[in-house]
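J.: Quick one: the structure is below, and I'll ask about it shortly.
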Amino acid sequence: MKTIFAVVALAASAFAQTVNIGFPLPGQNISAGSSVNVQVEEGRQLDALTEIGIAVTLQHCQQNPCEDVSEDLGTIFFAGPFQPQNFQPPASSGEPYQNFTVNIPSSFAKGPAVFSVPHAALFGLGPEFFTQISNVTVNIV
Ligand SMILES: *[C@@H]1O[C@H](CO)[C@@H](O)[C@H](O)[C@H]1NC(C)=O
Ligand SMILES: *[C@@H]1O[C@H](CO)[C@@H](O)[C@H](O)[C@H]1NC(C)=O
Ligand SMILES: *[C@@H]1O[C@H](CO)[C@@H](O)[C@H](O)[C@H]1NC(C)=O
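Per mature numbering (1 follows the signal peptide of the UniProt record, and there is no 0), the sequence shown runs over residues -16 to -1, 1 to 125.
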């Protein structure tokens, strides 16, 4: 029983450390050749959290709905530190966030595409190594 409780507690606390993509919105039309802010929000923190970093990638989908691209993330637009802040006005979620401006090449394939944000952090008192990928599917036009 103890093990089950520990696993549930760990899953709950790990979930709280996830980053979320606040923008662009799912299904949003984005023109190839334009730039878009990818708004990465930090989840509510229940444990001590030390950020390691994130990446922002974009992959064209072969299918609709999109196949799992977690091992085929596509073009890397950013890889480096994650330093979310509380801006005014806040994100709609109220969470601290950081914007990453992505210039989508005019040659980028049209159709469904998925922004992925791989995230690595240390959390808890151990601390423990934590990784996760958030994503949002948009439409490149
Ligand atoms: C994207 O563009 C298509 C074609 O113009 C339109 O039908 C659709 O409603 C747009 N989607 C969104 C989320 O604005
Ligand atoms: C971050 O990007 C979103 C979406 O474009 C925008 O609404 C918000 O004002 C931006 N925040 C900052 C601080 O630039
Ligand atoms: C997006 O993330 C979810 C949850 O991790 C995953 O199930 C899904 O396959 C991902 N989608 C893509 C297109 O990679």
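No residue lacks a Cβ here, since even glycine has one placed at the ideal position from N, Cα and C.
Do asparagine 48 and proline 96 have their C-beta atoms within less than 9 Å of each other?
T.: Contact flag set, yes.
J.: Mind checking whether the beta-carbon of valine 20 lies closer than 8 Å to any heavy atom of ligand 2?
T.: Flag set: Cβ of valine 20 near ligand 2.
J.: I need the DSSP call for glycine 6, collapsed to helix, strand or coil.
T.: Strand.
J.: Taking the Cβ atom as the reference point for each residue, do phenylalanine 71 and valine 40 lie within a distance shorter than 9 Å?
T.: Result no, Cβ atoms of phenylalanine 71 and valine 40 do not sit closer than 9 Å.
J.: Glycine 58: which of Ser118, Gln43, Glu35, Glu79 sits nearest, CA to CA?
T.: The shortest C-alpha separation from glycine 58 is found at Gln43.
J.: At which residue ranges does the stretch 13 to 56 contain complete beta strand (DSSP E) runs of 3 or more residues, listed in the order of the chain?
T.: Runs of the beta strand (DSSP E) inside the stretch 13 to 56: 19 to 26, 33 to 44.
J.: When the Cβ atoms of the stretch 72 to 82 are set against those of the stretch 5 to 23, are three or more pairs found closer than 8 Å?
T.: As far as the Cβ criterion goes, the stretch 72 to 82 touches the stretch 5 to 23, which means the pair count is three or higher.
J.: Do you know how far the Cα of aspartate 52 is from the Cα of arginine 28?
T.: Rounded to the nearest angstrom, the two C-alpha atoms are 26 Å apart.
J.: If you measure between the beta carbons of valine 101 and valine 24, is that distance less than 9 Å?
T.: Their beta carbons are under 9 Å apart, which means valine 101 touches valine 24 by this criterion.
J.: Please determine, among Ile124, Val125, Leu106, the residue with the shortest C-alpha to C-alpha distance to glutamine 116.
T.: For the residues Ile124, Val125, Leu106, the minimum Cα distance to glutamine 116 belongs to Leu106.
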